[in-house]
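Comments concern the structure below.
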Amino acid sequence: MRTGDFALKKWASNDPDALTNLPPEDVSSSDEGWLWKTLGLHWNRHSDHLTFVPLPDIHPERHDSKRQLLSLASQLFNPLGCLAPFTIRAKRLFQSLWLKGLDWDDQLPLVINSVWCQWMREVETLESVKVPHALMVTPRDLVRHSELHVSATPLKQRMALSRI
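Heads up: the sequence shown runs through residues 1243 to 1406, numbered per the working numbering.
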């Protein structure tokens, strides 16, 4: 990174010894707490887990529109796909609204709104999801066997999910 003149600052680690060879001005101050926002996710340096912070402005009992559904669901940043089983439900709701031909500011039909309200109530539980930062704790040269699991259905409203 230095060759490209990209100066990396505010280094942090779950192991304080890993920072000893860095200049003090490049290391983050220790008073910034254990929960860090990094690449859109929250990282707990103490436990070395990635966590998710609930979305602001969640009101599970309100009657939303298609625009509000998409706006709220798209705020759930999930670059690693760890929440895919959860986020896919909101995407399916949006898809069903699209297929019904609802305009952006039309209120959600009652059946879809009740499913949406349940989804919003469950958003608040996402802070209990903790994903180990080191997804593969065994060094690669010691791994003798790995598997790829894929689950998919032929239905139009389903999507596939895979995991290594």
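All C-beta atoms in this analysis are idealised placements derived from N, C-alpha and C, irrespective of residue type, glycine included.
> Do you know offhand how far tryptophan 1285's Cα is from lysine 1252's?
Replying inline: 14 Å
> Between the C-alpha atoms of lysine 1372 and aspartate 1290, what's the straight-line distance to the nearest angstrom?
Replying inline: 9 Å
> Under 8 Å, do serine 1307 and aspartate 1347 count as touching if we go by C-beta distance?
Replying inline: yes
> For lysine 1252, does the three-state DSSP call read helix, strand or coil?
Replying inline: coil
> Below 8 Å between beta carbons: does that hold for proline 1296 and leucine 1368?
Replying inline: yes
> Taking the alpha-carbon positions, what's the arginine 1331 to threonine 1280 distance?
Replying inline: 26 Å
> Rounded to the nearest angstrom, how far is the Cβ of arginine 1287 from that of alanine 1254, given a contact under 8 Å?
Replying inline: 6 Å
> tryptophan 1340: buried (16+ other C-beta within 10 angstroms of its C-beta) or exposed?
Replying inline: Counting Cβ neighbours within 10 Å, tryptophan 1340 comes out exposed, since fewer than 16 surround it.
> Leaving out the 5 sequence neighbours to the left and right, which residues in its chain are closer than 8 Å to lysine 1342 when beta-carbon positions are compared?
Replying inline: Pro1351
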